[in-house]
Ligand SMILES: Cc1cc2nc3c(=O)[nH]c(=O)nc-3n(C[C@H](O)[C@H](O)[C@H](O)COP(=O)(O)O)c2cc1C
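Numbering (UniProt numbering), first residue to last: 1 to 186.
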C-alpha cells in the first residue's frame, strides 16, 4: 500500500516525531511505501490566499503549483495518515491550513485516498478527554466533519494519551503503541 503520512510538529526531537518514526518503521517492515510530508520542516505555507479560494463555478480552476503538487500526492496514495499533537482540542494551525488549502472544501472528493488514520497525541489522559466530552468531539470532528465531508470512505482516530508524562517507561509504551499501529495497518 502507498501511504502518504503528514506530520506536524516544530521540534524534530518531539514525541510527535518519535511516534511518526516508530509508525513508519513498522509500515516499512511490512513493505508499505511511505511518502512523508513534514509540514513544518518542508515549509508548508498555511496562509490561505485569494488564489487558494475554491471557485464553485469553475471546476477546472488551476491552483498554485505547490498546492496542486500536494493534491497529486493524495491522489497517488492509497491511504493517508496524520500524526499531530492535540492543540486546543483541535489540530495545529499548520495542519488546519493544509486541510483548508489542499483538501479545499472537499475539492478532491472523487479522487480522495480511500482511508485516513489520525494519530493524535494528547497531553490529557483518557479519563479527562472522556469526562469533558473531548474524545467524542474530536473523533466526530475528524471522522465526520472533515474526512466524511471530503468523501473519505474509512476514517479512524487513534489517541496517544498523557503525552507529557515524566515516566520514561510510560513514554516507551506510547512508542510501542505507535509501532503496533503501524504493524497492524493494512
Ligand atoms: C499550543 C498547545 C495547545 C495544547 N492544547 C492541548 C489540548 O487542548 N489538550 C491536550 O490534551 N493537550 C494539549 N496540549 C499538550 C500537547 O498535546 C502535548 O504537548 C503533546 O501531545 C506532547 O507531544 P510533543 O512532545 O510531541 O509536543 C497543548 C500543547 C500546546 C503547545
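Positions of the beta carbon are idealized from the N, C-alpha and C atoms, including for glycine.
Quick caveat: nothing in here was measured; it's all calculated off a predicted structure.
For residue i, the first and last residue of its enclosing beta strand (DSSP E)
i	result
residue 7	2-7
residue 36	33-38
residue 108	Residue 108 -> no beta strand (DSSP E), and no H or E assigned at all.
residue 79	79-85
residue 155	154-160
Contact check, residue i vs residue j, beta carbons under 8 Å
i	j	result
residue 188	residue 3	Any property of residue 188 remains undetermined from this structure, which presents the chain solely from 1 to 186.
residue 27	residue 182	yes
residue 115	residue 144	no
residue 16	residue 39	no
residue 64	residue 53	no
Host alpha helix (DSSP H) of residue i (start-end)
i	result
residue 15	15-29
residue 75	65-76
residue 138	134-140
residue 119	Run containing residue 119: none in the alpha helix (DSSP H); it sits in the beta strand (DSSP E), 115-121.
Best match in the options for proximity to residue i [C-alpha to C-alpha]
i	options	result
residue 31	12, 19, 1, 95	1
Per-residue burial, residue i [other beta carbons within 10 Å of its own, 16 or more giving buried]
i	result
residue 13	exposed
residue 135	buried
Could you say if the segment 103-114 and the segment 130-139 meet the contact criterion of at least three C-beta pairs nearer than 8 Å?
Touching, no.
Okay, do the segment 55-75 and the segment 157-165 touch, 3+ Cβ pairs below 8 Å being the bar?
No, because fewer than three Cβ pairs between the segment 55-75 and the segment 157-165 fall closer than 8 Å, the two stretches do not touch.
Are the segment 93-100 and the segment 125-134 in contact at 8 Å, needing three or more beta carbon pairs?
With the rule of 3 Cβ pairs closer than 8 Å, the segment 93-100 does not count as touching the segment 125-134.
Below 8 Å, how does it come out for the segment 86-96 and the segment 42-57: are there three or more Cβ pairs, yes or no?
They touch, by the three-pair rule.
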